[in-house]
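Colleague: Going by my numbering, the first residue of the sequence shown is number 244, and it counts up by one from there.
Take a look at this one; I'll ask things after.
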Amino acid sequence: MKILVTGGTGFIGSHTAVELQQQGFEVLIVDDLSNSTAEVADRIGMITGTKPPLHVFDLCDAGKTEDLFIREEGIAAVIHFAAHKSVGESVQQPLKYYRNNLLSTVNLLESMARHGVKHLIFSSSCTVYGQPDELPVTEHTPLKRAESPYGNTKKIMEDIISDTVKTADVAAISLRYFNPTGAHESALIGEAPSGIPDNLVPYITQTAIGARSFLRVFGDDYDTPDGTPIRDYIHVVDLAKAHVVALKRMLDGKCKDRYEVFNLGTGRGYSVMEVIKAFERVSGMNLNYQVVARRPGDIVKIWADPSYANRELGWKAEKGLDDMMGSAWNWEQAGLHLSTLSTDA
Ligand code: UFG
244 MKILVTGGTG
254 FIGSHTAVEL
264 QQQGFEVLIV
274 DDLSNSTAEV
284 ADRIGMITGT
294 KPPLHVFDLC
304 DAGKTEDLFI
314 REEGIAAVIH
324 FAAHKSVGES
334 VQQPLKYYRN
344 NLLSTVNLLE
354 SMARHGVKHL
364 IFSSSCTVYG
374 QPDELPVTEH
384 TPLKRAESPY
394 GNTKKIMEDI
404 ISDTVKTADV
414 AAISLRYFNP
424 TGAHESALIG
434 EAPSGIPDNL
444 VPYITQTAIG
454 ARSFLRVFGD
464 DYDTPDGTPI
474 RDYIHVVDLA
484 KAHVVALKRM
494 LDGKCKDRYE
504 VFNLGTGRGY
514 SVMEVIKAFE
524 RVSGMNLNYQ
534 VVARRPGDIV
544 KIWADPSYAN
554 RELGWKAEKG
564 LDDMMGSAWN
574 WEQAGLHLST
584 LSTDA
C-alpha cells in the first residue's frame, strides 16, 4: 500500500518512513530539501533495504503537487510533515511561515480530494496548547493563542484540515507531538538542524562534540523544582511508530470521527537540568553550560496526558530519557549530518 510522506527526509519524517517500510508499506517521499538532504533517502534505504523514491519540489507549487498525484496512482494515504519549524525564524519572518505552511497544506488537500485520496495524518504540535492552565494536557485542554507565527500555522493547519473533512471525502488524524528527540538506533538518521540549533538536545550534543562552545540554559528562576522549564521529551522512534498505528487505524476504518486528535508524549516531564544530567550520565562527559537570561516566549512547563492515545491507539512510548540521550549522542558522533553542521567553537 502506497503512502506519501511529505517532509520525509526531515527528522520525524525519515524515522516514520523507516517504520512504515518495516511494516510493509510502500513509501514515497516529497521534500523540497530546504532543511534536509537527499542522502537521507539513501540512509533510509540502508536501514530498510529499500530506498524510497524521493520527489524534490515545494508543495507550495500547486502544479507540481498535482503532477505528483497524476503520476503516482494509487496513493492510499498521506502523512504530512513538510513545514518550516523554527519558532524564532517565524517571529522574524511570519509571512514565510504563513505562506509555506498553509499554502502547501491547501494544495495537498486539493490534490488529495481530486484524486480520491481519503486518509491524512497531520504532524501537529503541543504548541497549540500554549502555556496550559492545568497539567497534564489532555486532548480537551483548551487551545491558547499561539506563542509564535510557527505555532499559529500549526493551529491554522489543524483548522484547515478539520474544516475540510466536514465536506470532502477525506478523514484526518492530527498527532500533537510534545518534544521529539533521540535518533534511530542505527545512527544513520537523526536530527540535523541547519545552522545553530534552536532545540535543547541538538544544542547539547553539538556542544559535547565541540561545535558549540557552551550550552546556554535559558533561565533557572522559573516556578519548577530546580528552576528550569519542564517538557515531555519523547523518543522519535516511539513517535514514528505512533504514525504507523494511527495510519492502520484509519485504513482499517476504526476511527471514531472523521477528524481525530491524539497527544503523543510520555506523560513524564523533565527539566532542562534533568536533561543535561541524563546526557552527562549517558555520555560520561561533563557538559559545558551556563545559565543565562530567560528565552522570550518560553513555556514554563508542559507534559502530556497520553492515556487517550494509549487506550485508543494501543500505543505507548517505550523509550526513556537515557535512551533518547544515548541515541542522539551516537548520531552526533557518527557525524553523518556534517554537511549541515556549522560551528561557533
Ligand atoms: N533550552 C535551553 N537552551 C537551548 C535550547 C533550549 O535552555 O539552547 C531550553 C528552553 O528554554 C526550553 C527547553 O530547553 O526550556 C526546551 O526547548 P526546545 O527549544 O528544545 O523546545 P520547545 O519546547 O521550546 O519547543 C518545541 C519545538 C517547537 C514547538 C514547541 C511547542 O521545538 O517546534 O516545542 O510544541 F513549537
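Don't be surprised by glycine CBs; every beta carbon is placed ideally from N, CA and C.
Nearest to E591 by alpha carbon, out of R474, M568, H298 and T509?
Modeller: In the structure displayed, the chain extends from 244 to 588; residue 591 sits before or after that span and is not available.
Colleague: For L271, which residues does DSSP report across the bridge?
Modeller: L247
Colleague: If you drop the 5 nearest sequence neighbours on each side, which residues of the same chain put their C-beta closer than 8 Å to that of C498?
Modeller: A414, I416 and R492
Colleague: Hey, quick one: how far does the beta strand (DSSP E) through A415 stretch, first residue to last?
Modeller: Note, A415: beta strand (DSSP E), A414 to Y420.
Colleague: CA-CA distance, K562 and V515?
Modeller: 18 Å
Colleague: Identify whether S550 lies in helix, strand or coil by the three-state DSSP scheme.
Modeller: helix
Colleague: Buried or exposed for R385, going by 16 or more other Cβ atoms inside 10 Å?
Modeller: Here residue 385 is Pro; the residue named in the question, Arg, does not match the sequence. Answer is exposed; the Cβ neighbour count stays below 16.
Colleague: Does the beta-carbon of L378, which I'm using as the reference point, lie nearer than 7 Å to any heavy atom of ligand 1?
Modeller: no
Colleague: Just how far apart, CA to CA, sit F324 and L556?
Modeller: 20 Å
Colleague: Provide the residue span of the beta strand (DSSP E) that contains V330, from first to last.
Modeller: Not the beta strand (DSSP E): V330 falls in the alpha helix (DSSP H), residues V330 to Q335.
Colleague: Considering only DSSP beta bridges, list what K544 is partnered with.
Modeller: I473
Colleague: Thinking just about the alpha-carbon of each residue, which of A430, P337, E503 and E382 is nearest to the one in D406?
Modeller: The closest CA to that of D406, considering only A430, P337, E503 and E382, is found on E503.
Colleague: Cutting at 8 Å between CB atoms, please list the residues of its own chain near K307, excluding the five before and the five after it.
Modeller: F300 and D301
Colleague: Should L443 be counted as a contact of ligand 1 given a C-beta to heavy atom distance under 7 Å?
Modeller: yes
Colleague: Return helix, strand or coil for I439, following the three-state DSSP convention.
Modeller: coil
Colleague: Going by DSSP, what residues sit across from N573 in a beta bridge?
Modeller: Per DSSP, none; premise fails for N573.
Colleague: Could you tell me which of I473, A326, L363 and E282 sits nearest to P375, measuring between CA atoms?
Modeller: Of I473, A326, L363 and E282, the residue nearest in Cα terms is I473.
Colleague: Compute every distance between the C-beta of P472 and the non-hydrogen atoms of ligand 1, then say whether any falls below 7 Å.
Modeller: yes
Colleague: Evaluate contact between the segment 396-405 and the segment 365-375, counting only Cβ atoms and requiring at least three cross-stretch pairs below 8 Å.
Modeller: The segment 365-375 and the segment 396-405 touch, with three or more beta-carbon pairs separated by less than 8 Å.
Colleague: DSSP on Y513, reduced to helix/strand/coil?
Modeller: Three-state result, Y513: strand.
Colleague: Within the same chain, show all residues whose beta-carbon is closer than 6 Å to that of V488, passing over the 5 residues directly before and after it, in chain order.
Modeller: L556 and W558
Colleague: Which whole-angstrom value describes the C-beta separation of A320 and L363, a residue pair presumed to lie in contact below a C-beta threshold of 8 Å?
Modeller: 7 Å
Colleague: Name the two residues that bound the continuous beta strand (DSSP E) containing A320.
Modeller: I318 to H323
Colleague: Please determine whether the Cβ atom of D541 lies at a distance below 7 Å from any heavy atom of ligand 1.
Modeller: yes
Colleague: Could you have a look at V488 and say whether DSSP puts it in helix, strand or coil?
Modeller: helix
Colleague: A571 and G433 look like a contact to me (Cβ under 8 Å); what is the Cβ gap, rounded to whole Å?
Modeller: 7 Å
Colleague: Would P295 and P337 be called neighbours here (beta carbons separated by less than 8 Å)?
Modeller: no
Colleague: Rounded C-beta distance between D548 and T381? I'm assuming under 8 Å.
Modeller: Contact between D548 and T381 holds: their C-beta atoms lie close to 5 Å from each other, under 8 Å.
Colleague: Put T448 into one of helix, strand or coil per three-state DSSP.
Modeller: helix
Colleague: Here's the rule I'm using: 16 or more other beta-carbon atoms within 10 Å means buried, otherwise exposed. How should G578 be labelled?
Modeller: By the neighbour-count criterion, in which a residue is buried when 16 or more other Cβ atoms sit within 10 angstroms of its Cβ, G578 is exposed.
Colleague: Would you call the CB atoms of N529 and L458 closer than 8 Å?
Modeller: no
Colleague: Is the beta carbon of T252 sitting closer than 8 Å to the one on T280?
Modeller: yes
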